[in-house]
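In my numbering, the protein residues as written are 5 to 114. Please read the structure below before turning to the comments.
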Amino acid sequence: MPKSRRKRTLYSNQKRSSVLETAQKEGLTANEVQKRFGVTPVTYYSWRRKYGVGGRRRSAKVRANGGTLEQQVRSEVQAKVREILPTILRNEVSSYLDTVLRARGRARRA
Numbered sequence: 005m006p007k008s009r010r011k012r013t014l015y016s017n018q019k020r021s022s023v024l025e026t027a028q029k030e031g032l033t034a035n036e037v038q039k040r041f042g043v044t045p046v047t048y049y050s051w052r053r054k055y056g057v058g059g060r061r062r063s064a065k066v067r068a069n070g071g072t073l074e075q076q077v078r079s080e081v082q083a084k085v086r087e088i089l090p091t092i093l094r095n096e097v098s099s100y101l102d103t104v105l106r107a108r109g110r111a112r113r114a
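Structure below.
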């Protein structure tokens with residue numbers, strides 16, 4: 005006798021985001037999500053991967069608001085590094101070349 009399949013349930017985007025937000029806020033496990041909302045753990049993990057907390061699908065909203073705090077800090081640090089690095093490199097290379105040239109000059113004199 006063939007195995008009977010469970011009827012597939014389609015969830016709206018609003019329902020998905022509601023389940024994910026509630027699970028994230030309350031720290032629910034996949035099994036707790038299943039008991040509370042009737043969403044299987046596989047479906048829950050799939051949604052979390054696709055839409056997750058600040059996931060790819062929500063990144064447009066996050067970008068519109070300037071990104072997450074981590075992204076904002078990262079971009080500020082990168083901008084500062086881009087500003088400072090050329091000067092540091094120039095000074096380090098200059099110092100290295102001076103040292104090398106002085107060492108060669110001493111070797112030729114000896």
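Even for Gly, the Cβ is constructed at its ideal location relative to N, Cα and C. Nothing here was measured: the structure is a model prediction, and the numbers come from that model.
Residue burial annotation: valine 104 is exposed, with fewer than 16 other C-beta atoms found within 10 angstroms of its C-beta.
The alpha helix (DSSP H) runs of length 4 or more contained entirely in the region 12-94 are, from start to end of the chain, 17-30, 34-41, 45-55 and 63-68. Counting the other CB atoms within 10 Å of its CB gives tyrosine 48 a total of 16 or more, which places it among the buried residues. From the listed residues Ala107, Arg20 and Ser79, the smallest Cα separation to serine 50 is found for Arg20. Around the Cβ of valine 46, a 10 Å sphere holds fewer than 16 other Cβ atoms; the residue is exposed.
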